[in-house]
Amino acid sequence: MEGNKFPAQKQESQPGKELLMNPIPQSLNPDYHSANKLKGKVALITGGDSGIGRAVCYCFEKKDQEEQDAHDTLQKIKELKAIDAKDPIAIPADLGYDENCERIVSEVAKNYGNIDILVNNAAESRIGTIDEITEDWLLRIFRTNIFSYFFMARHALKHMREGATIINTTLVQAYLGSPSSLEYQSTKGAIVAFTRGLALQLVDRGIRVNSVAPGPVWTPVQVVIHNEDQVASLGSKTPMNRAGQPHEIAPCYVFLASQESSYYTGQILHPNGGMIVNG
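Note that the UniProt record's numbering gives residue 36 to position 36 of the sequence shown, counting from 1, and the numbers run on in steps of one.
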C-alpha cells in the first residue's frame, strides 16, 4: 500500500474474499477494549463472515488479548470471548427469505434464550446502469439488503425484552448519492427510513433501533463492485483522504448496543472520514 492508496485489484464474485485482498482488511484492533459493556448479552449479527460484520463480532467478544493470526470468524470469536461466555455459533443461510430468517432466530433463541442485540448487516451489491438492472437483479439485492432486515427484526422481536437494541447498517451514499450501485444505495436509503419508523414503533416497548452509516471502508465488496482504478483511490474524496478499516467502524455498534446510548433511538451514526451529510 503506497501512502493512502490501495494497490489496483479486482475480484469478480460476490461477496469477495478477504484473504485475496492486498492489504487484508483490519478487523481487529488489539488496543480496543469494550470494558464489559455487553457482558451477559446475547447478540445476533448477520453478515458476520467478513468486513464490518466480522469486526463487529470481534468487538462484541473482545477481551484483553493480543491479535493472533486467524481468519475464521467463528474460531477468532472463540479465542476472544470471555471465559464465562457461551461459545458462539455460525449459521449459514440466504437471508433474503423469511423462512431462513425465522430458522436462524429460532436456533439462536434455542441456544441462548432471549436476544438482547440484533445487528442487521448482511448486504450484497452489483454494478450497472438503470438500463442494465433487471427485475431479478433488483429483487435479489432488495431481498438481501432490506427484506432480510424486516424478516430478522420481526422474528427477533419475539425474543426481545425491554432494553434490547436493533442496529442496522446503512451507508453514506444513502445521503450523498452515487452514479454507481443504484439499486444498492436505494436499499441503504430504505434502511434509514426503516430504522426511524421501527424506532418509533418500539419506543414504548423500551427497545431502541439505530443505524450506522459508514463511509468508504476497506471490505471485500469494494474489490467486487469497483474497477481497479476506483479501488486504488478508495477514500480519496474524504477529508481524511483515506478509506476506513472495519475495526474503526465496529465500536459504533458496541456503543449503540450498550446502555451508554440509552438516549439514542432512530438515530444514525456517521463514521465516514469527515464527510458532512444532512441526516
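Where a beta carbon is used, it is the ideal one built from N, C-alpha and C, also for glycine.
query	result
Euclidean distance between Cα positions of residue 70 and residue 272	In this prediction, residue 70 has a pLDDT of 36, which is less than 50 and means its spatial position is unreliable; what the coordinates show is noted afterwards. Using only the alpha carbons, I get a separation of about 27 Å.
Residues that DSSP places opposite residue 221 in a beta bridge	DSSP output for residue 221 lists no bridge partner at all.
Residue 158 (DSSP reduced to helix, strand or coil)	helix
Residue 25 vs residue 51 beta-carbon contact at 8 Å	yes
For residue 185 and residue 129, the rounded distance between their alpha carbons	13 Å
DSSP three-state assignment for residue 95, whether helix, strand or coil	coil
Inter-residue spacing [alpha-carbon to alpha-carbon] between residue 203 and residue 229	45 Å
Closest residue to residue 147 among 188, 163 and 157 (Cα-Cα distance)	188
Exposed unless 16 or more other CB atoms sit within 10 angstroms - verdict on residue 64	With a pLDDT of 37 at residue 64, under the threshold of 50, the predicted position of this residue should be treated as unreliable, though the coordinate-derived value follows. Result: exposed.
DSSP-derived helix/strand/coil call for residue 197	helix
Burial state of residue 218, where buried means 16 or more other Cβ atoms lie within 10 Å	buried
DSSP beta-bridge partners of residue 208	165
Straight-line gap, residue 27 to residue 200 (C-alpha atoms, nearest Å)	33 Å
7 Å Cβ shell around residue 101 - same chain, five flanking residues per side excluded	95, 148, 151, 152 and 155
Nearest to residue 198 (by Cα), restricted to the options 167, 111 and 53	167
Neighbour-count burial assignment, residue 18, 16 or more Cβ in a 10 Å radius	buried
Exposure label - residue 282; buried when at least 16 CB within 10 Å	Only positions 1 to 279 of the chain appear in the structure, and residue 282 is not among them; the question remains open.
Euclidean distance between Cα positions of residue 161 and residue 117	10 Å
Separation of residue 132 from residue 260, as counted between CA atoms	45 Å
Pair within 8 Å by beta-carbon distance, residue 59 and residue 32	yes
Three-way DSSP call (helix, strand, coil) for residue 56 in this model	helix
Extent of the continuous beta strand (DSSP E) to which residue 45 belongs	43–45
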